[in-house]
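There are 2 protein chains.
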Amino acid sequence: MALVVQKYGGTSVADADRIRDVARRVVDTYKNGSGVVAVVSAMGRSTDELLELAAEVSENPHPRELDMLLTAGERVTMALVAMAIADFGVPATSLTGSQAGILTTGRHGQAEIVEIRADRVRDGLDRGEVVIVAGFQGVDPGSKDVTTLGRGGSDATAVALASALSADHCEIYTDVDGVYTADPRVVPSATKLDEVSFEEMLELASAGAGVLMPRSVEFGRRFNIPIHVRSSFHDGDGTWVKEETMEQPVVRGIAHDDSEAKLTVYRVPDTPGVAASLFEPLADAGITVDMIVQNVSQDGFTDISFTVPLAMIDVAQAQAEVVAEAVDAGGVSVDREIAKVSVVGLGMKTESGTASRMFRILSDHGINIQMISTSPIRISCVISGDKIVEAVSALHEGLGLGGESTG
Amino acid sequence: MALVVQKYGGTSVADADRIRDVARRVVDTYKNGSGVVAVVSAMGRSTDELLELAAEVSENPHPRELDMLLTAGERVTMALVAMAIADFGVPATSLTGSQAGILTTGRHGQAEIVEIRADRVRDGLDRGEVVIVAGFQGVDPGSKDVTTLGRGGSDATAVALASALSADHCEIYTDVDGVYTADPRVVPSATKLDEVSFEEMLELASAGAGVLMPRSVEFGRRFNIPIHVRSSFHDGDGTWVKEETMEQPVVRGIAHDDSEAKLTVYRVPDTPGVAASLFEPLADAGITVDMIVQNVSQDGFTDISFTVPLAMIDVAQAQAEVVAEAVDAGGVSVDREIAKVSVVGLGMKTESGTASRMFRILSDHGINIQMISTSPIRISCVISGDKIVEAVSALHEGLGLGGESTG
């Protein structure tokens, strides 16, 4: 029998009406003869409300207890979805992450899935039930403590479960139609992609395309589970993320990210170990560093620039200043007004010239490039934040994505 | 080391401020050198809100899923209380009913505690932690499904845990000061009792005194765990419920209950098996029958009256009418305007005359007695509902409880 894992995000289950819509969709799939596992997030703003409650009670909520608190959110959704499905006469059972066998590391708030022991999910499917699983949560088998997976955790739960259950594919229901050639709020002529490869999706997601988080795409890639990103508000096809795609265009899409800030440590003595002494304390403080650029050394000194999430820039700056002092660097400067634009396409592997075309287009618009980083299928440029809309639009048009608009 | 189990009800944890108050109280007890297990209910109206959400999603919520939903309520409280305690520098760990080893029957919504395997609670205490346990919930070890214990379930959790952990006593924190000689909202001169025996408390609770539910008193009695019922809003002593009390007055207190209705099946053929054929289907339908009175048979016929909770009267009536038809009885009548007043005291065992004094007092006030039932330490009368305030006040005064007022 076919088996599909469906994931419904917070906006898809925001109130009773939408929960009944989700139930109807699950029941339709089930009645078409497919086994269904539905992974659900917390309703609408409920996770934020629980966080607010925690902030009212405690200045510095204990991580284990914060996870215990937050996991109440999906628990509510999963029970409501299960009872709505049962009302259609279809047997449904809800399971917490722990009950579904989602085993994780013990890092509260940012746990990683280590293994899935989906016996209770399989038992439910074998009995002909729809199984509803709480996303975003699991259990650390060592301490038996409940954990949460952090941002994108529900998508990761769904794709990992699809893999563990050898599902045919995984459907991610969301409030957008799929993956676009650029963010349609920025570029109205952006078009929906019918398909995109795992590698491209990984790069797009890492570069700021918010529709999927990199960790779930990585699960899909590793275990070759096709992911169908689609709207929970209508039945049309969305975007298939999968291993092989029919076409391999040079440029598949453009992503941008204005949630980062840039930090520069200048006049750093160019001696071995300096970079390590800078980035180790940042990693220990849980700060995710994105792009790192080190200039060519001059007179035994170099400048090191890197980007971090805006929310972490103050902590990062404090850390960097301590290190700058210790290694006798010239100082630290921070720029919060930056943005990153990235061009992604599998075809870049084999066809050169995209980088120079990208730089030329930005230059023609008078946009200065502050940092550059590349992968075999991506080029990213950090530019001034106030130019990002112009940059994305110009690149979308100039790299030939705008011409195929169906919108 | 001393060990105390404390239970905080919904009003005691209704918002962030009150949760911090609860944390402070727990920390005070801990710092005085006692081990503490705190059993908590869902915050304020949160259980009602979850029930409303369920009603919006489903006309007839699936019992297993309703329990899964409702258990989110205590989960939120226990995590918040634990983080508030941790802020005082005292280690605290929250455990769900399942994690705390509260094993129950599988009857969703009205599960009974079967056994407590409190290993994780003990481990936490051994590590010097305060352990917070979700009240009202457990797990059916057969199905591994989460269950709820129904009304009074959090008190029952606390007393049962106190027994399993051999705690010195159990403190029930509530929004009243303790157990009174009568409901102080009805009788302003009612006084707080310093102590009351388990037997008396069982009778008072069964007769409508809402401060404790019979099941938790029964746990206390069976395992001889003294229960201290006290206010969560100030530090004064409340009422100790325990095995031996210093005094054994003839009348300890008066309870009343206006939440029941009376049903009479009249002209029932007085043959063996008729009562069984009436009450078996009611029990099967989960209807709790309280008082039952059967008149002396006349001409081979009798009348059977009984009381049931008002909320169940329609179902009970429908059932009774089916049976009345089947056994060829005269018919069924219902009276929703009744109330029950009960006089309770251990001394009644040895001193007679309380019943006749009670009937005289009611008669002097022109109050007609519709039904009477007695136990060795209790007399209950069903009267017209509109006379209940007058009856409770008159009995409180006439049986000598009013004279000792300290209020």
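Chains A and B, in that order, give the protein sequences.
Under the numbering used here, the first residue of the first sequence is numbered 63, with each subsequent residue one higher.
Under the numbering used here, the first residue of the second sequence is numbered 63, with each subsequent residue one higher.
Beta carbons are placed, not taken as given, at the ideal position from N, Cα and C, and that holds for glycine.
The structure presented is a predicted model; accordingly, all values stated were derived computationally and were not measured.
Of all alpha-carbon atoms in A:V238, A:A373, A:A162 and A:S446, the one lying nearest the alpha-carbon of S74 (chain A) is that of A:V238. T436 (chain B): member of the beta strand (DSSP E) spanning M433 to S437, first to last residue. Around the Cβ of K324 (chain B), a 10 Å sphere holds 16 or more other Cβ atoms; the residue is buried. Contact check for V312 (chain A) against I366 (chain A) fails: the beta carbons are separated by 9 angstroms or more. In the DSSP assignment, the residues bridged to E177 (chain A) are A:L165. If you draw a straight line from the Cα of D361 (chain B) to the Cα of T412 (chain B), it is about 38 angstroms long. Straight-line spacing of the CA atoms in F198 (chain A) and F281 (chain A) works out to 15 angstroms. A direct Cα-Cα distance of roughly 52 angstroms separates L187 (chain A) from S339 (chain A). A straight line joining the alpha-carbon of T301 (chain A) with that of E233 (chain A) spans about 10 angstroms. If you look at A146 (chain A), you'll find it in the alpha helix (DSSP H) that goes P125 to A148. Annotated as proximal: K69 (chain B) and S216 (chain B), with beta-carbon spacing under 9 angstroms.
Taking the CA atoms as reference points, G71 (chain B) sits about 7 angstroms from Y235 (chain B). For T416 (chain A), the CB contacts under 8 angstroms within the same chain, skipping 5 residues up- and downstream, are V312, V313, V405, G407, M410, I441 and L461 in chain order. Burial check for K304 (chain B): the Cβ neighbour count within 10 Å reaches 16 or more, so the residue is buried.
The CB of L113 (chain B) never comes closer than 8 angstroms to any CB in chain A; the least such distance is about 12 angstroms. Annotation: the continuous alpha helix (DSSP H) that includes T109 (chain B) extends over S108 to V119. Taken through DSSP and simplified to helix, strand or coil, T412 (chain A) comes out as coil. Secondary structure at Q381 (chain A): helix, using DSSP grouped into helix, strand and coil. Looking at the backbone, the Cα of I423 (chain A) and that of T436 (chain A) are separated by about 17 angstroms. The shortest C-alpha to C-alpha distance from S228 (chain A) to any of A:A269, A:I194 and A:A180 is the one to A:A180. Proximity of K206 (chain B) to chain A, defined by a Cβ-Cβ separation below 9 angstroms, is satisfied. Under the 9 angstroms criterion on CB atoms, P123 (chain B) is classed as interfacial with respect to chain A.
Along the segment 301 to 322 of chain B, there is no position whose C-beta sits under 8 angstroms from a C-beta of chain A. V138 (chain A) is positioned such that its CB atom lies no closer than 9 angstroms to that of A78 (chain B). About 6 angstroms separates the CB atoms of V336 (chain B) and V389 (chain B); that is less than 8 angstroms, so the two are in contact.
In the structure shown, S359 (chain B) falls within a coil segment according to DSSP collapsed to helix, strand and coil. Interface flag for R87 (chain B) against chain A is unset, since no Cβ pair is found closer than 9 angstroms.
Contact of S156 (chain A) with chain B by beta-carbon distance below 7 angstroms involves E127 and M130.
Going by C-alpha positions, R277 (chain A) is about 7 angstroms away from G214 (chain A).
Residue pairing from DSSP places L157 (chain A) in a beta bridge opposite A:V195. Ranked by Cα distance from M130 (chain B), the options A:S268, A:M145 and A:A100 are led by A:M145. If you draw a straight line from the Cα of V66 (chain A) to the Cα of V99 (chain A), it is about 6 angstroms long.
In the three-state reduction of the DSSP assignment, R440 (chain A) falls in the strand class, which pools E and B. At the C-beta level, V241 (chain A) and A271 (chain A) come within 9 angstroms of one another. Under a 10 Å Cβ-count criterion, E111 (chain B) is classified as exposed, with fewer than 16 other Cβ atoms of the shown protein chains found around its own Cβ. With three or more CB-CB distances shorter than 8 angstroms, the segment 152 to 168 of chain B counts as touching the segment 190 to 197 of chain B.
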